[in-house]
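This report refers to the structure that appears directly beneath it.
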Amino acid sequence: MAGKKSTYAIVRSKLIIFRLGLALLLSTQVSCAAGAGSKKLQELQKDIDELRSIQAEHTADLVSIRSEIRKLTGRIEEFEYIQSKRVGSDLSALRENVTRLEKLVPPPPIVPVIALESDQALLPKLAPELAEPLGNALKEIRLGNFRGAIPLLQQALDLVDGRAESVYPLFWLGLCYDGVGDLKQALTYYHRTVTEFPKHKRAALALLKEGSVFIRLGDSKAAKLSFQKIIRQYPKSNEARIARERLKDV
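If you read the sequence shown in the working numbering, its first letter stands for residue 34, the second for the next number, and so on.
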C-alpha cells in the first residue's frame, strides 16, 4: 500500500512540474490584460502549493518507512542476540556432558589418573595460550593417543619453556614418549622435570617413572638410585611409599 501511495505521489509531482513549466511558457508568450496575467499567476501559485503539499506527504512517508526499518532492524538484532545466548548455553551444557563422559573412560595403566585429573582441573587457572594445547594433549593422553599428544605438548612447552608452568608439558612429554616406547626421550623429559622443578609435586612422580624406565632398560642399579632418591627427598609422598615397594623387587 505504501509503495502504491509513493508511486502515485511521484506521478502527481511530475504532472504538476509539467504544468508549472507550461504555465511559465504561456505567461511569457501571452501579453494579455493584467487580469488574465494575474489569473495565471494565481493558478501557478496554486500548483506550487500543491507540489509542496505532495512533497511534504512524500517526506512523511519516507520518514515513516525509515522508522519501520529501524524497528525491524532492532528486532532482528534482538532475535540474533537471544539465539546466540541460547546456542551458547546449549553448547556449554554439551561441553560439560562430553567432559563428564570423557572422565568415565579409564586411561591406559601407564597414565597416573590422579595427576591427570589434577592437571585438567588446573587448566582454567593457566593462560589461554597454554591451557588450550595442554588441555587437548591431556584429553589425548586419557584416550591413550600418546603420539597425538606429543606435538600439542611440544607446542605448549615452546610457549612457556623456562617458566614455572613448563613443568606440566615436560612431565607429560616424558610420559607420552614412555607410552610410545621411546625410552631415551622419556628419560630426557623426566630428568628435566626433576632437575628444573625439584620442589614441584610432579618431581617425585617423574622420578618414579624414571625408575620404571630404567627397569625396562635392564639397568637395575639406576632404577634403585631413582627410587632411593624419592625416599630421601620426598619421604612423605605417595611416590615414596611405592618406591619402597619397588626397591624390594629390584
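For every residue, glycine included, the Cβ atom is placed at its ideal position computed from N, Cα and C.
In this structure, residue 170 places its C-beta atom within 8 Å of the C-beta atom of residue 182. With a cutoff of 8 Å on beta-carbon distance, residue 241 and residue 257 are scored as not near each other.
Taking the CA atoms as reference points, residue 218 sits about 20 Å from residue 192. At a Cβ-Cβ threshold of 8 Å, residue 270 and residue 237 count as neighbours. The beta carbons of residue 260 and residue 239 sit no closer together than 8 Å. By the C-beta density criterion, residue 197 is exposed, having fewer than 16 other C-beta atoms within 10 angstroms. Collapsing the DSSP output to three states places residue 224 in a helix.
In this structure, residue 264 places its C-beta atom within 8 Å of the C-beta atom of residue 273.
Taking a 10 Å sphere around the C-beta of residue 174, we find 16 or more other C-beta atoms and assign the residue as buried. Take the alpha-carbon of residue 227 and the one of residue 235: they are about 8 Å apart. Straight across, the Cα-Cα distance linking residue 187 with residue 167 is about 9 Å. Within a 10 Å sphere around the beta-carbon of residue 282 sit fewer than 16 other beta-carbons, which makes this residue exposed.
A direct Cα-to-Cα measurement between residue 111 and residue 101 gives close to 15 Å.
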